[in-house]
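Residues -17 to 219 (this note's numbering) are what the sequence shown spells out, left to right. A virtual CB, placed ideally from N, CA and C, is assigned to each residue, including glycine. Encoded as structure tokens, the structure appears first; notes follow it.
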Amino acid sequence: MRSYNAESYSMRHAYAAQLHLPGPVFRELVVWALQSLPDEILVGLDVDPNRKHIDEVESAFEGQEHVSNLFGGQGYVIKEAHVVNRGDSYSVHHLPEEWTDDLFSGQRGSRAGRFTHWLHTHPNAPAIPSGADTDAAQETTGVDMILGLRFSPEGPLPWFDDVDGTRRSLGTEHAPKTKRSWFSRKELPVLGIAPTGHSIHDIQLIAFHKTGLGVNVLLVDESGYPYGWDELIQPTS
Ligand SMILES: [Zn+2]
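And the structure:
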């Protein structure tokens, strides 16, 4: 999370806005993603209306292309996440009926507008939006996130890497490499072993607004400061 935040900081001018995601919520997302394999999951996220981004963090990470009032919930820390669907890359975007609020289903489309932000997973594929992802995002009030995971054993979903886009990984450069075995094409770093027993080789996380603008994710601790804040960010004041 520290190295991810360091990259969020150095790339801050490439983003229109920022989103503060608590580390414990992020950890839950990774565990749910792995427990649901081989399916993708769709997760709805709500912000805490009583918890704004910390001002000095917000200004330190603000880029030159910053846009105010870009999306719903902007400036507020994410509070909680709920898995609302699982399925393949097509069906996962269509909510089961129990999540479709009668009041809104008519005008708000397949996702029913129940949550501010949405996240879906890309099991063994990079966190880069597909055309279908961009379509689904058009009904999102806040932002859409994609969590890409590379893991083994791969099961029916070998790593699919043939996609163009900006990749944002968590800390693979510090991870120990797996032992080379006779069948592996190359050594993969191991970030950790999931509760499901999977070896995790790469975790990628991105957020984007429906207009196509990138949103910079910061992983924050209980106090609201990004992991690594003290070492990596030297406020100029
Ligand atoms: Zn997708």
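As far as DSSP is concerned, W211 takes part in no beta bridge. DSSP places N32 within a strand segment (E or B) once states are collapsed to three. Around the C-beta of S73, fewer than 16 other C-beta atoms lie within 10 Å, and the residue is accordingly described as exposed. When rounded, the separation of the alpha-carbon atoms in P140 and H2 is 31 Å. For R68, no alpha helix (DSSP H) encloses it; the enclosing beta strand (DSSP E) starts and ends at 58 to 69. In this structure the region 21 to 33 touches the region 47 to 63; the number of beta carbon pairs closer than 8 Å is three or more. As computed with DSSP, P177 is found in no beta bridge at all. In the three-state reduction of the DSSP assignment, R132 falls in the strand class, which pools E and B. Distance from the CA of S41 to the CA of Q0, rounded to the nearest whole angstrom, comes to 10 Å. Distances from the CA of A176 to each of V145, E22, V199, F133 were compared; the closest alpha carbon is that of F133. Three or more pairs of CB atoms, one per stretch, sit closer than 8 Å, so the region 4 to 21 contacts the region 193 to 205. Counted as a single uninterrupted DSSP element, the alpha helix (DSSP H) harbouring P6 occupies residues 5 to 17. At a Cβ-Cβ threshold of 9 Å, I128 and T103 count as neighbours. Note on geometry: alpha-carbon atoms of R(-16) and V13 lie some 19 Å from one another. Cα atoms of I23 and Y207: separation of roughly 28 Å, rounded to the nearest angstrom.
Taking one beta carbon from each stretch, the region 100 to 116 and the region 50 to 59 have fewer than 3 pairs nearer than 8 Å; the two do not touch. Contact between A(-2) and V125 is absent: CB atoms are separated by about 10 Å, not below the 8 Å threshold. Per DSSP, V39 lies in no beta strand (DSSP E); the unbroken alpha helix (DSSP H) holding it starts and ends at 37 to 43.
Rounded to the nearest angstrom, the gap between the Cα atoms of G130 and R68 is 15 Å.
Near ligand 1, meaning a Cβ closer than 6 Å to any of its heavy atoms, lie the following residues in chain order: S71, H102, H104, S112, D115, I128. Ranked by Cα distance from I182, the options F190, L173, P108, E44 are led by L173.
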